[in-house]
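Since the structure comes first, as structure tokens, the remarks are kept for the end.
Residue numbers (the numbering used here): 4 to 435.
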């Protein structure tokens with residue numbers, strides 16, 4: 004099939020192997036409109052096609068070989084041109100990401116923006132951003148690159164629309180290393196929380212009506228700081244929290260009210276009698292993926308020294324001690340899977356009054372989007388070379404990730420056209 008053809012389905016099922024979908028001329032025109040020169044638009048299209056069609060590792064050399072065969076051109080000349088286009092050119096990736104977010108939103112309006120880490124293990128030390136640093140999904144420090152991606156997600160499909168590469172101190176304090184990688188003067192060292200928050204709050208179209216919540220698929224180390232940033236931006240947030248996160252119960256009718264600050268897991272374990280069954284379907288496993296969990300929810304506040312009114316505590320200090328707390332009510336939700344015997348997953352929605360968090364089912368539906376994104380990252384992202392960039396420049400990394408995101412969108416949006424039972428994907432609270 005010609006690389007210039009429109010997107011076509013090449014198999015009848017998303018669960019069977021098929022040849023890759025290819026970008027349409029219309030899609031390329033929309034995505035690459037910001038590129039000022041025709042040769043840049045051609046190279047962008049060649050690179051995007053290569054990410055979709057090249058088997059195995061999506062290196063510039065392999066992509067160039069495919070493009071050279073299609074154009075009956077010399078491999079080395081095409082490779083040199085693509086290498087310059089990705090690593091050394093001056094084109095801005097932000098307009099393409101904005102166009103991608105607009106296109107994806109027009110086809111599948113997102114329910115939320117899901118922000119999650121992407122760790123790429125590396126053996127060497129020359130790729131931009133590589134250092135020994137946290138690999139969040141593995142729970143340890145490893146040598147590699149760490150980035151955060153923001154994904155436009157609904158129950159059926161997710162598309163990455165923003166990326167931020169975390170730069171460890173050694174890449175910022177070494178002038179030679181910084182100059183070689185072409186790291187901009189504005190770049191600074193960031194904690195995981197800061198990097199994730201900056202990723203979320205720079206999503207194209209974040210403030211367009213209706214304002215959609217951000218789902219943070221990583222428990223913050225500094226919950227106060229993260230909540231402050233989203234509160235100031237007026238963006239609703241649903242985030243994972245750790246079991247030892249200290250909160251105060253805000254519901255006067257529940258056990259623990261005025262008992263002072265307590266760990267989130269302890270609060271929810273004391274409310275096990277309020278658990279209710281919830282039915283949902285695991286993404287990507289078909290009709291057999293129906294699951295049932297137990298959930299409970301409680302309104303809480305975040306203890307905060309010197310901020311807002313206090314509540315009396317019986318957990319520490321004298322009987323009249325006060326625990327200063329934020330006036331904003333949050334919604335803490337616990338989900339027990341595996342029959343309710345294991346420790347629950349804990350989520351915190353802020354603020355609790357947001358319409359997107361009006362019911363437990365709504366919140367769990369948003370939380371479930373993290374599974375959608377994780378599945379798409381593994382099933383599609385790996386296939387389109389999301390972890391395959393080996394260049395040394397900061398701008399080259401961003402350009403590769405931008406075009407890999409476009410390749411992901413081509414495949415994911417085509418997959419979403421497969422007929423499925425939509426109702427079965429939605430979280431549903433069963434009998435009380």
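Positions of the beta carbon are idealized from the N, C-alpha and C atoms, including for glycine.
Straight-line gap, residue 294 to residue 351 (C-alpha atoms, nearest Å): As a working note, residue 294 is residue 291 in the chain shown. As a working note, residue 351 is residue 348 in the chain shown. Roughly 22 Å between the two C-alpha positions.
Which residue marks the beginning of the alpha helix (DSSP H) containing residue 98, and which one marks its end? Position 95 of the chain shown, counting from 1, holds the residue named residue 98. Segment 97 to 110, the alpha helix (DSSP H) holding residue 98.
Residue 34 versus residue 103 - alpha carbon distance: On the chain shown, residue 34 is found 31 positions in, with the first residue counted as 1. On the chain shown, residue 103 is found 100 positions in, with the first residue counted as 1. About 6 Å.
Taking Cβ to Cβ, would you say residue 138 is nearer than 9 Å to residue 149? Taking the chain shown and counting its residues from 1, one reaches residue 138 at position 135. Taking the chain shown and counting its residues from 1, one reaches residue 149 at position 146. In this structure, residue 149 lies closer than 9 Å to residue 138 by Cβ.
Along the chain, where does the alpha helix (DSSP H) that runs through residue 182 open and close? Position 179 of the chain shown holds residue 182. Following the DSSP letters along the chain, one finds residue 182 inside the alpha helix (DSSP H) bounded by residues 178 to 183.
What distance in whole Å lies between the Cβ atoms of residue 387 and residue 61, which are believed to be in contact at a cut-off of 8 Å? Within the chain shown, residue 61 is the residue found at index 58, counting from 1. Within the chain shown, residue 387 is the residue found at index 384, counting from 1. Between residue 61 and residue 387 the beta-carbon gap is near 7 Å, inside 8 Å, which marks them as a contact.
By how many angstroms is the C-alpha of residue 51 removed from the C-alpha of residue 402? Reading the chain shown from its first residue, position 399 is the one you call residue 402. Reading the chain shown from its first residue, position 48 is the one you call residue 51. CA-to-CA, the gap between residue 402 and residue 51 works out to about 11 Å.
Return the chain-ordered list of same chain residues with a C-beta closer than 7 Å to the C-beta of residue 71, the five sequence neighbours on each side being excluded. Your numbering for residue 71 matches position 68 in the chain shown. Taking residue 71 as the centre and dropping the five residues before and after it, the same chain places the C-beta of 77, 78 and 81 closer than 7 Å to its C-beta, in chain order.
Going by C-alpha distance, which of 117, 145 and 119 is nearest residue 127? Here the question's residue 127 lines up with position 124 in the chain shown. The shortest Cα separation from residue 127 among 117, 145 and 119 belongs to 145.
Three-state class that DSSP yields for residue 336 in the structure shown: What you label residue 336 is simply residue 333 of the chain shown in a count that begins at 1. Annotated three-state conformation of residue 336 is strand, per DSSP.
Does the CB of residue 371 have a neighbour CB from chain D at under 9 Å? Of the chains in the structure shown, none is chain D; there is only one protein chain.
Indicate the three-state DSSP secondary structure (helix, strand or coil) for residue 122 in the structure shown. Reading the chain shown from its first residue, position 119 is the one you call residue 122. Residue state, collapsed to three classes: strand.
Distance between residue 115 and residue 400 (C-alpha atoms, nearest Å): Within the chain shown, the letter at position 397 stands for residue 400. Within the chain shown, the letter at position 112 stands for residue 115. Looking at the two C-alpha atoms, the distance is approximately 26 Å.
Please return the same chain residues whose Cβ sits closer than 7 Å to the Cβ of residue 205, not counting the five positions on each side in sequence. Reading the chain shown from its first residue, position 202 is the one you call residue 205. So the qualifying residues of the chain are 165.
If you reduce the DSSP assignment to three classes, tell me which class residue 385 lands in. Reading the chain shown from its first residue, position 382 is the one you call residue 385. If DSSP states are grouped into helix, strand and coil, residue 385 belongs with coil.
Grab the span of the alpha helix (DSSP H) containing residue 234 for me, first residue to last. Position 231 of the chain shown holds residue 234. 226 to 236 is the extent of the alpha helix (DSSP H) around residue 234.
Using a 10 Å radius around the Cβ and a threshold of 16 neighbouring Cβ atoms, would you call residue 143 buried or exposed? Position 140 of the chain shown, counting from 1, holds the residue named residue 143. Taking a 10 Å sphere around the C-beta of residue 143, we find fewer than 16 other C-beta atoms and assign the residue as exposed.
Within a Cβ cutoff of 7 Å, which residues of the same chain sit near residue 346, ignoring the five residues on either side of it in sequence? If you number the chain shown from 1, residue 346 lands on position 343. Contacts found: 246 and 268.
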